[in-house]
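The opening residue of the sequence shown carries number 76 in the working numbering; numbering runs sequentially from there.
All C-beta atoms in this analysis are idealised placements derived from N, C-alpha and C, irrespective of residue type, glycine included.
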Amino acid sequence: MDRRLGGLSASTWDRLAGRDFYSSAAWLGFCATDFGRESGAVVCHRDGEPVCAVPYVAADDSLFSSYRWHDLLGAAGLPAPGAEGLLVGPREGYQTHFLGASGATSAELADVVGQLRKEAAAADPVGQTCVAMYLGTDDVLALRAAGVTTTPVLLEADAWIEVPEGGLPAWEASLSRNNRSNARTDIRRFQDAGYRIEQVSVTECWQRLGELASATQAKYGHDTSPDVELRSLRNHAECMGAAARVALLHAPDGVVGFCIHYVWHDTLFLRWVGLDYDRLADAREYFSLCYYSNIERADELGVRWLHAGVKTVDAKARRGARLRPLWLLDLTENSVLADAGDAVRAHNAAYHARLKSNPITTKAVDDDAWRPFI
């Protein structure tokens, strides 16, 4: 399907998206296919050329719990906009970017916000709620400079692992002595277990991964089935094509795990992991499959970063991750958060303090990115 976003072709949109994979036309197309709802987009032009854009989708009960701002803010004890309205950004991936924001003027960003508010009024005539989720600090600062007055709410810590030239040995050398020793122990245990990792396209093997995907989801309490997971795996293959890669974990008796990932510009984005836990050898399979094997081939792929995403930040910090904040910014005119700045900053500061007081994560925190809103 030839999808257009805000009237832009996929190639024009991707020029604006740059290295922001989760804002790429292909990823937004995957989200539309997987959830049955197209993304909209607003675009600001300068002299007839697009200079700033952002996707959006109408919020409904199909959103993952991690995107239901009303519930998240309520659980944090903060004022919450209504549950309906406009979600600004992709509906999956935990990454939202105002594309081209670094080169746009404040007036151009304000124009984008104004367009979003008009779309929100159409989607939610009563509350006109318009919420951007999982923004980075630079975009939040730019939006605030463009006139958005609400204080951003901290949602998650996002893990990025820098991979120096030289692959695995150079990366190991960048770790602390203790973390380097632990990583080498992990790698030896994995090698001694007789595993093999095979890199293939998702299009070649998605039909074989439903059971593994379902078992992993069930382990973490999600109600699903192999058929449900196969539909999403097929969508990865059909929507993302050759860009959808998978590392298959082979044990002597067959495939016991997979890791779907995407290489986009200079970053490898980890996306989906499935493991047959009952057949594993307790040999640090997850870390070899997702981290070590991909770091080892980073030079071959032209990769300088591995995006490890949110959650389990201790394990990621032990492997050299930098932790950057992801924010919720309410763009609603007359936001219920407008007068809650002190409470929001207290919430943000408490999250930051937990990371800084933890000896595992204290040095991993990218303080400059957190400091403006704590």
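For the set A100, R90 and A415, the Cα lying nearest the Cα of P154 is the one of A415.
The Cβ atoms of C314 and F105 sit closer than 7 Å to each other. Distances from the CA of T171 to each of G178, L162 and A179 were compared; the closest alpha carbon is that of L162. Per the coordinates, the alpha-carbon of R263 lies some 29 Å from the alpha-carbon of S289. Scanning its chain for C-beta atoms nearer than 8 Å, with the 5 sequence neighbours on each side dropped, one finds around Y366 the residues I236, L381, A383 and R394, in chain order.
Just so you know, the alpha carbons of A85 and G269 end up roughly 44 Å apart.
Beta-bridge partners assigned by DSSP to D405: V206.
Closest option to L305, judged by alpha-carbon separation, among K391, R283, L184 and A317: R283. Shown here for K391: same chain residues with a beta carbon closer than 6 Å to its own, the five before and five after excluded, namely A234 and A383 in chain order. Exclusion of the five residues before and after Q203 leaves G160, R192, A195, A196, T407 and E408 as the residues of its chain whose Cβ lies within less than 8 Å of its Cβ. With a contact defined as Cβ atoms closer than 8 Å, G332 and G349 qualify at about 6 Å.
Counted as a single uninterrupted DSSP element, the beta strand (DSSP E) harbouring F333 occupies residues G329 to W339.
Buried is the label assigned to F173, since at least 16 other Cβ atoms lie within 10 Å of its Cβ.
Contact annotation: the stretch 215 to 226 touches the stretch 183 to 191, with at least three C-beta pairs closer than 8 Å. Assignment of E273 by DSSP, reduced to helix, strand and coil, places it in the strand class. Under the three-state reduction of DSSP, L138 is assigned to coil, being neither helix nor strand. For T342, the secondary structure class from DSSP, reduced to helix, strand or coil, is strand. The continuous alpha helix (DSSP H) containing L305 extends over residues P301 to M315. Distance from the CA of M208 to the CA of V215, rounded to the nearest whole angstrom, comes to 10 Å. At the C-beta level, L287 and L324 stay beyond 7 Å of one another. Bounds of the alpha helix (DSSP H) holding D146 are W144 to A150.
Under the three-state reduction of DSSP output, P130 falls in the strand class. Judged by their CB atoms, R397 and D341 are not nearer to each other than the 7 Å cut-off. The C-beta distance from A232 to V419 rounds to 17 Å, too long to meet the 8 Å contact threshold.
Secondary structure at R359: coil, using DSSP grouped into helix, strand and coil.
DSSP lists H382 and R397 as the bridge partner or partners of W235. In this structure, G175 lies away from L83, with their beta-carbon atoms at least 7 Å apart. Here S114 is actually not in contact with Y142; their C-beta atoms are around 13 Å apart, not less than 8 Å. I335 and G168 have their C-alpha atoms roughly 13 Å apart. Cβ neighbours of A319 within its own chain (closer than 8 Å, five residues either side excluded): S276, V277, T278, H311, A312, I335 and Y337. With respect to W402, L210 sits close: the two C-beta atoms are nearer than 7 Å. When the beta-carbon positions are compared, D89 and A100 come within less than 7 Å of each other. A424 has its alpha-carbon roughly 10 Å from the corresponding atom of K431. Secondary structure of A322 (DSSP, three-state): strand.
For H120, the enclosing beta strand (DSSP E) covers residues G115 to R121.
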